[in-house]
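Single-structure report; data block below.
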Amino acid sequence: MTALLALDQGTTSTRAIAFDAALVPRAMAQIELPQYFPAPGWVEHEPEDIAAHSLRVLREAMDRSDHAPADVAGIGITNQRETTILWERATGRAIGRAPVWQDRRTAALCETLREAGHEPLVTARTGLLLDPYFSATKLAWLLDNTPGARAAATRGELCFGTVDSFLLFRLTEGRVHATDATNAARTLLFDIRRGEWDEEMLALFRIPRAILPEVRDCASRFGETRLLGGSIPILGMAGDQQAATLGQACFEPGMIKSTYGTGCFALLVTGEEAVASQNRLLTTIAWQLEGRRTYALEGSIFMAGATVQWLRDGLGIISQASEAGELATRADPAQRVHLVPAFTGLGAPWWDAEARGAILGLTRASGRAEICRAALESVALQTADLLDAMRRDWPAMGHTVLRVDGGMVASDWTMQFLADILGAPVDRPVVPETTALGAAYLAGLQAGLLPPPGDASTHWRRERRFQPHMARPEADRRKAEWREAVARVRSG
10 MTALLALDQG TTSTRAIAFD AALVPRAMAQ IELPQYFPAP GWVEHEPEDI
60 AAHSLRVLRE AMDRSDHAPA DVAGIGITNQ RETTILWERA TGRAIGRAPV
110 WQDRRTAALC ETLREAGHEP LVTARTGLLL DPYFSATKLA WLLDNTPGAR
160 AAATRGELCF GTVDSFLLFR LTEGRVHATD ATNAARTLLF DIRRGEWDEE
210 MLALFRIPRA ILPEVRDCAS RFGETRLLGG SIPILGMAGD QQAATLGQAC
260 FEPGMIKSTY GTGCFALLVT GEEAVASQNR LLTTIAWQLE GRRTYALEGS
310 IFMAGATVQW LRDGLGIISQ ASEAGELATR ADPAQRVHLV PAFTGLGAPW
360 WDAEARGAIL GLTRASGRAE ICRAALESVA LQTADLLDAM RRDWPAMGHT
410 VLRVDGGMVA SDWTMQFLAD ILGAPVDRPV VPETTALGAA YLAGLQAGLL
460 PPPGDASTHW RRERRFQPHM ARPEADRRKA EWREAVARVR SG
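157 is the number that the numbering used here gives to position 148 of the sequence shown; each next residue is one higher, with no gaps.
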């Protein structure tokens with residue numbers, strides 16, 4: 010039986026899913042990934058954990074699905090984006106921990122570059138903003154703060170990559186140093202319209218060209234791995250949010266998806282047009298196939314599922330994530346508590362690296378239920394901010410259906426509140442892990458098993474539609490209260 014393997018390396022876990030040729034999931038393996046917080050605003054991963062965990066879950070998914078290497082038509086890789094790794098070209102070993110996309114250590118550098126007037130050119134070339142979120146300033150920091158790194162990089166002895174590129178290098182035992190266009194587009198070093206590394210961006214961030222990976226289509230023969238008991242081709246690669254867009258079958262301009270994992274990421278497909286945002290959204294590559302790029306507008310929220318994780322691990326007011334939704338249903342509706350989860354700053358459309366989190370509106374009657382409700386509401390309210398900005402940038406969007414995925418969508422309460430606040434239907438798919446689904450789709454496309462984007466019936470099926478019920482004046486009042494709360498925590 011033909012199988013497709015998806016390796017989904019995320020911020021808090023690494024998973025592998027074995028799909029059949031019709032993209033029905035057959036087996037899964039998953040390992041939680043530790044995070045390290047060595048200083049305020051710093052977030053790190055150990056690259057050796059990422060490599061070891063990835064091999065382990067791939068093997069376990071194959072074992073649980075009873076597939077031999079000869080049965081696997083291809084592997085698709087999807088990954089947490091922007092997380093930055095430097096490793097030795099000769100050995101494949103990372104030279105230190107990887108600053109995660111949430112890491113804010115380069116906020117001052119970004120502000121210096123912004124004050125020097127560089128942001129308009131950066132945005133024009135890359136579609137991005139000068140923010141610590143992206144890879145270039147993280148990479149510059151690693152080169153400047155790891156003894157000997159800059160000299161070794163200049164000599165071509167080091168490789169840079171986001172997680173996808175690092176995993177490809179390790180899975181191919183150093184034979185391939187490459188990435189795909191979606192991950193390259195998140196580095197601040199890639200011209201998204203010309204489809205190549207940009208010399209002016211490399212000079213601005215002082216990045217030696219010798220350490221960069223080759224950029225390829227999302228569906229491509231990236232190489233093969235011999236570490237799973239036989240030779241298996243690696244045929245697909247995309248950053249997690251772009252993979253989720255494909256997994257949600259958002260193939261046509263105007264379609265939009267939002268993924269609720271550690272953070273929340275909404276992508277609006279704009280087709281062959283790279284729409285320049287006037288509302289501090291990101292212009293990004295949704296996918297690249299046969300050398301042709303499809304674009305999207307993206308809004309990024311740093312804290313979604315991570316906020317619920319903080320309720321569990323930081324405050325200790327719940328013991329498992331599912332409790333948050335149960336408690337939210339018991340919250341006193343008269344309590345107007347707001348939790349602004351700016352633990353690592355605010356993402357789109359505010360982009361305030363110095364903002365910090367707060368719980369506002371507490372009274373003596375406020376308790377666990379009200380705080381849990383505020384945490385879940387914050388995810389929906391931040392999504393509303395993103396979609397309002399998208400609508401201003403691309404009026405043709407209208408009040409379109411939102412397709413959702415990720416761990417948080419299992420909460421009916423959260424999805425209903427999301428539909429209420431947006432005033433638009435919210436569709437939850439049968440397969441909620443659409444990031445892995447998109448990676449498997451790319452591998453199947455390259456293997457000739459699946460059709461190109463355009464046929465939305467190939468793999469997407471709706472499990473439930475949440476229709477809005479809240480009166481618009483009430484939803485508008487709640488959004489206004491939320492924005493007042495956000496204004497209270499902003500650094501400006």
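Here a beta-carbon is modelled for each residue, glycine too, at the ideal position from N, C-alpha and C.
Inside the stretch 139-175 only - beta strand (DSSP E) runs reaching at least 3 residues: Counting only runs of 3 or more, we get 167-170.
Among the residues of its own chain, which have a CB less than 6 Å from the CB of alanine 494, if the five just before and after it don't count? Once the five neighbours on either side are set aside, the close Cβ partners of alanine 494 are His347, Val349, Leu369.
Note down, in chain order, each residue of its chain lying with its Cβ closer than 6 Å to the Cβ of alanine 340, except the 5 sequence neighbours on either side. Around alanine 340: Ala378, Glu379, Arg382.
Looking at C-alpha atoms only, which residue of Ala449, Leu446, Val418 is the closest neighbour of arginine 474? Nearest C-alpha to arginine 474: Val418.
Separation of alanine 364 from phenylalanine 260, as counted between CA atoms: Roughly 35 Å between the two C-alpha positions.
Buried or exposed by the 16-neighbour rule on C-beta atoms within 10 Å, applied to arginine 134: Buried: at least 16 other Cβ atoms inside 10 Å.
With distances taken between CB atoms, is the gap from phenylalanine 231 to alanine 190 smaller than 8 Å? No; because the gap between Cβ atoms is not below 8 Å, this pair is not in contact.
Alpha carbon of serine 267 to alpha carbon of isoleucine 243, nearest angstrom: One C-alpha to the other measures close to 27 Å.
Residues of its chain near alanine 253, where Cβ-Cβ distance is below 7 Å and the 5 sequence neighbours each way are ignored: Excluding sequence neighbours, alanine 253 sits near Lys266, Thr268, Asp414, Thr443, Thr444, Gly447.
What residue from Trp491, Val172, Thr181 has the CA that sits closest to threonine 234's CA? A check of alpha carbon separations from threonine 234 across Trp491, Val172, Thr181 identifies Thr181 as the nearest.
What distance in whole Å lies between the Cβ atoms of leucine 276 and leucine 290, which are believed to be in contact at a cut-off of 8 Å? The distance from the Cβ of leucine 290 to that of leucine 276 is about 10 Å, inconsistent with a contact at the 8 Å cut-off.
What does the Cβ neighbour count give for glycine 308, buried or exposed, with the cut at 16 atoms within 10 Å? Buried, by the Cβ-count rule.
Based on the DSSP output, what are the partners of phenylalanine 28 in its beta bridges? Beta-bridge pairing links phenylalanine 28 to Leu13, Pro34.
Give the straight-line distance between the Cα atoms of proline 482 and alanine 367, rounded to the nearest whole angstrom. Roughly 26 Å separates the two Cα atoms.
Whose C-beta lies closer than 8 Å to the C-beta of isoleucine 220 among residues of the same chain, with five residues either side of it excluded? If we look at isoleucine 220 and ignore the five residues flanking it on each side, its Cβ neighbours are Leu95, Ala162, Gly165, Leu167, Cys168, Phe169.
CA-to-CA distance, isoleucine 326 to glutamate 223, given in whole angstroms: If you take the alpha carbons of glutamate 223 and isoleucine 326, they lie about 47 Å apart.
For arginine 321, which residues from the same chain have a beta carbon less than 6 Å from its beta carbon, with the 5 sequence-adjacent residues on both sides left out? Once the five neighbours on either side are set aside, the close Cβ partners of arginine 321 are Ile327.
Does serine 229 come out as helix, strand or coil in the three-state DSSP assignment? Secondary structure of serine 229 (DSSP, three-state): strand.
Pick helix, strand or coil for glutamate 223, following the three-state DSSP scheme. For glutamate 223, the three-state secondary structure derived from DSSP is strand.
Below 8 Å on the Cβ atoms is my contact criterion, and I expect phenylalanine 426 with alanine 389 to pass it. Report the Cβ-Cβ distance as a whole number of Å. Alanine 389 and phenylalanine 426 do touch by the CB rule: their CB atoms are close to 5 Å apart, below 8 Å.
Residue environment, tyrosine 142, which counts as buried when at least 16 other CB atoms sit within 10 Å: With at least 16 other beta carbons inside 10 angstroms of its own, tyrosine 142 counts as buried.
Which class does histidine 62 belong to by DSSP, given the choice of helix, strand or coil? Looking at histidine 62 - three-state DSSP - the assignment turns out to be helix.
Figure out for me which residue from Leu198, Ser500, Leu411 has the closest Cα to the Cα of glycine 354. For the options Leu198, Ser500, Leu411, the alpha carbon positioned closest to that of glycine 354 is the one of Ser500.
Spatial distance of leucine 42 from histidine 54 (CA atoms): For leucine 42 and histidine 54, the distance between alpha carbons rounds to 8 Å.
Which residues in the same chain have their Cβ closer than 6 Å to the Cβ of aspartate 17, if we skip the five residues on either side of it in sequence? These residues qualify, in order along the chain: Arg24, Thr87, Thr444, Ala445.
CA-CA distance, arginine 301 and glutamine 344? For arginine 301 and glutamine 344, the distance between alpha carbons rounds to 51 Å.
Coarse secondary structure for aspartate 207, derived from DSSP in three states: Residue state, collapsed to three classes: coil.
What would DSSP say about valine 349, mapped onto helix, strand or coil? In the structure shown, valine 349 adopts extended strand secondary structure according to DSSP, grouped into three states.
With DSSP run on the structure shown, which of helix, strand or coil describes tryptophan 5? The chain is shown only over 10 to 501; residue 5 falls outside these bounds and no answer can be derived.
Does the beta-carbon of serine 331 have 16 or more other beta-carbons within 10 angstroms, so that it is buried, or is it exposed? Exposed is the call here.
What do you get for glycine 323, buried or exposed, if any count of 16 or more other CB atoms within 10 angstroms of its CB means buried? Answer is exposed; the Cβ neighbour count stays below 16.
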